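Following our numbering, the numbering of the sequence shown begins with 2 at its first residue and continues without gaps. Right, one structure below, let's go through it.
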Amino acid sequence: MGGTAYVGLGANLGDAAAALDDAVLRLGALPGTRVSGRSSTYRTAPVDATGPDYLNAVVSLDTDLAPDALLAALHGIEQAHGRARPYRNAPRTLDLDLLLHGDSRVETATLVLPHPRLHLRAFVLVPLAELAPDLHVPGHGPVRALLSHVADQRIERLSR
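What follows is the structure in structure tokens.
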């Protein structure tokens, strides 16, 4: 396998838990890819949005897919779950965010790596820290050190 990527999963419409489980199965079925880790599932309030609470998790992938190919695959999985994008931060049946892809730093019209807001979101950092507490986020530092910046955000661990 090529490298390690981290993907954030979230859903707050329909059967969110089933959507996250199915997404993990689909991620593991991608060409040259295997799921190497999955965090607990967490409940969080929407950020900069309204709607029901989200269920969130993070998975680590060992993948041969390049960042842009992996992003396209993530969008395909979202589409299979009926993801609509009527407006920014709309409630969603499934949201998959490519957080990190090895040490890649990318900035194009369609992809920014590391994810531009991962260091600001408890729903990303807490499950990411569960999987890889010593992981270094390029441009931001160790995940463990970033947790103090999101300590005021409500997040509840639901399952292991």
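We put the beta carbon where it would ideally sit given N, CA and C, even for glycine. None of the values given here were measured: they were computed from a predicted structure.
- With respect to the 8 Å criterion, Leu126 and Leu148 are classified as neighbours on the basis of their beta carbons.
- Around the CB of Thr64, 16 or more other CB atoms lie within 10 Å, so the residue is classed as buried.
- Beta-bridge partners assigned by DSSP to Pro143: His137.
- When C-alpha distances from Leu75 are compared across Gly29, Pro53, Pro115, Asn13, the shortest belongs to Gly29.
- Membership of Leu159 in the beta strand (DSSP E) is indicated by the continuous run 156–160.
- In the structure shown, Ser105 falls within a coil segment according to DSSP collapsed to helix, strand and coil.
- At the C-beta level, Arg44 and Leu26 stay beyond 8 Å of one another.
- Assignment of Gly77 by DSSP, reduced to helix, strand and coil, places it in the helix class.
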